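Undergrad: Its first residue numbered 9, the sequence shown is counted upward by one per residue in the numbering used here.
Even glycine gets a Cβ: it sits at the ideal position worked out from N, Cα and C.
These figures come from a predicted structure and were not determined experimentally.
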Amino acid sequence: MATEDYRYETLRIDGFLSQLVRYITQGGHYFYIRCLVPEQKDPHVIADKLLTRYGIRRKRWERKRRNLKDAASIHFLMHGRLFVIMLSKGRHQQFYADHGGNVLDVRRTAMKAFGYSIRYSVSAGESRPKVSIRLDQETYRNVKAHMLTIAAWDSYRDKARLEGEFRRLPYQSYSPVYQQLYGICRMVNRARRRRGFEPIELRCVRRERHLQKVFREGPDTSSA
C-alpha cells in the first residue's frame, strides 16, 4: 500500500502547509496541479493509482538517480479530499501528457487550499524569494464581514466574547495572516466605538503557531 512506503497524507492542515513550503523551498517543486476528490470516490484509492502512474513512491535513492538524468522530481500531498501533485523543473513524460495544459507555477499563480493562498515570490523589501501564506480573498472577505457584523450586536457588547471569536479562528498565524486578522480587529474596534462599545484587545489575534507532526505513521521517504 502507498502509506507503507511513501507518506503523503497529512494529519492537519498546518502540516499540509508546512510540507508544501518544504517541497517548494528545499526541492524547487514550483509546478503543480490541485484537485478535489469527488464525494463518491475514495481519496486513498485515487492516491494509490496516481502514486503508481507517476512513479512517485520510488525509493529516495531511485528518485535522486532519476534527477541526475534531467527528470523532474515529483511529490504527492493530500489532506482530506484535497491533493496536490508538485514537480521540480525537468522531464516527466506521463504527467505532462496527462496534465500539461493544467499545470501551474506557484511563482506565478498562487495555490488555493483550505482558505489560504500560497505563493513563492519576492516581496517588497526582500532580496530573495520566499513562500507567502495568507488568507485567500474569499476567506478574508468572509471573516471580515462576519466579525464586522457581530461586532456591533448587543449580544457581543461584552468584549471578552468577541475576543474569544478571534482566538477561535482556525487559521495559523503566518505573518501575512496575522497582519490580515490584525487589520480586521482594528476595523472591528472602529465599528464598536461608533456603537459606544468598549474596544477589544488587539492581542486577541494569535501570533503563535503550533507546529505539530505532519504525516500519519510510516517511514519517512518524503524528502526531495
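1) Pick from His83, Arg176, Thr18, Gly23: whose alpha carbon is nearest that of Tyr38?
2) Would you say the region 136 to 145 touches the region 180 to 187, given that touching needs at least three Cβ pairs under 8 Å?
3) Am I right that Arg61 and Gln102 are in contact with their C-beta atoms under 8 Å? What's the rounded C-beta distance?
4) If you follow the alpha helix (DSSP H) that Cys193 is part of, which residue opens it and which one closes it?
5) What number of angstroms, rounded off, separates the C-alpha of Glu17 from the C-alpha of His52?
6) Look at the alpha carbon of Ile192 and the alpha carbon of Gly204, and state the distance between them as a whole number of angstroms.
7) Which of the three DSSP states, helix, strand or coil, is assigned to Arg66?
8) Expressed to the nearest angstrom, what Euclidean distance is found between the alpha-carbon atoms of Ala199 and Met155?
9) For Leu210 and Tyr190, which I take to be in contact (beta-carbon distance under 8 Å), what is that distance rounded to the nearest angstrom?
10) Taking a contact to mean a Cβ-Cβ separation below 9 Å, would you say Leu19 touches Phe223 in this structure?
11) To which residues of the same chain is Tyr50 closer than 7 Å at the C-beta, ignoring the five residues directly before and after it?
12) Return the chain-ordered list of same chain residues with a C-beta closer than 8 Å to the C-beta of His100, the five sequence neighbours on each side being excluded.
13) Are there 16 or more other CB atoms within 10 angstroms of the CB of Gln48, so buried, or fewer, so exposed?
TA: Considering the structure as presented:
1) His83
2) yes
3) 7 Å
4) 183 to 203
5) 9 Å
6) 18 Å
7) coil
8) 10 Å
9) 7 Å
10) yes
11) One detail in the question is off: residue 50 reads as Asp in this sequence, not Tyr. Nothing listed; no residue qualifies.
12) Tyr62, Ala79, Ala80, Ile82
13) exposed
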